[in-house]
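One structure below.
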Amino acid sequence: MSEVRVLVGTRKGAFILRSDEQRKDWTVEGPLFPGWEIFHITGTPSDPKRLYASQSGGWFGQLIQRSDDGGKTWETVGNEFTYDGVPGTHQWYDGSQHPWEF
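Residue numbers (this note's numbering): 168 to 269.
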C-alpha cells in the first residue's frame with residue numbers, strides 16, 4: 168500500500184500527517200519550525216522525500232527550508248540575494264546616496 172501524506176502550514180509551525188490508503192489511523196509529526204509562520208509546505212513529484220517549506224518571521228524575514236528525508240532534517244536553501252551597486256533608492260540631486268533621508 169502507498170502512503171497518504173498531508174502537509175500543513177500554520178502560523179505556529181508545520182505539520183505532516185501520515186496514513187495508509189484506508190485513512191483510518193493518522194500520525195501527526197510536528198510542529199516543525201515551532202514559533203515560525205509556515206505559509207507553504209510542499210513536496211516534489213519526482214522525489215517524494217524532498218520537501219520545501221517557506222518560513223516567515225518578523226525578525227529574520229523569509230527563509231526557504233529543504234528536507235531530503237521526508238521532513239526528519241531540514242536545511243536552509245541559499246537565500247543570499249545581492250544587488251549590483253548600492254541598494255539605496257534615495258538619491259540627492261547630485262546622485263549621492265542618502266538612504267536614511269526622504
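We put the CB at the ideal spot given by N, CA and C, even for glycine.
Can you tell me where the beta strand (DSSP E) holding residue i begins and where it ends?
i, result
"residue 263", "It is not in any beta strand (DSSP E) - residue 263 carries neither H nor E in the DSSP assignment."
"residue 228", "228-234"
What residues are listed by DSSP as bridge partners for residue i?
i, result
"residue 169", "Note: residue 169 sits in no beta bridge, so no partner."
"residue 176", "181"
"residue 194", "185"
"residue 210", "218"
"residue 224", "228"
Check whether the Cβ atoms of residue i and residue j sit closer than 8 angstroms, and answer yes or no.
i, j, result
"residue 245", "residue 207", "no"
"residue 235", "residue 216", "yes"
"residue 200", "residue 180", "yes"
"residue 238", "residue 170", "no"
"residue 243", "residue 230", "yes"
Exercise for the section: Examine the Cβ distances between the region 207-217 and the region 185-197 and report whether three or more of them are shorter than 8 angstroms. Expected result: no
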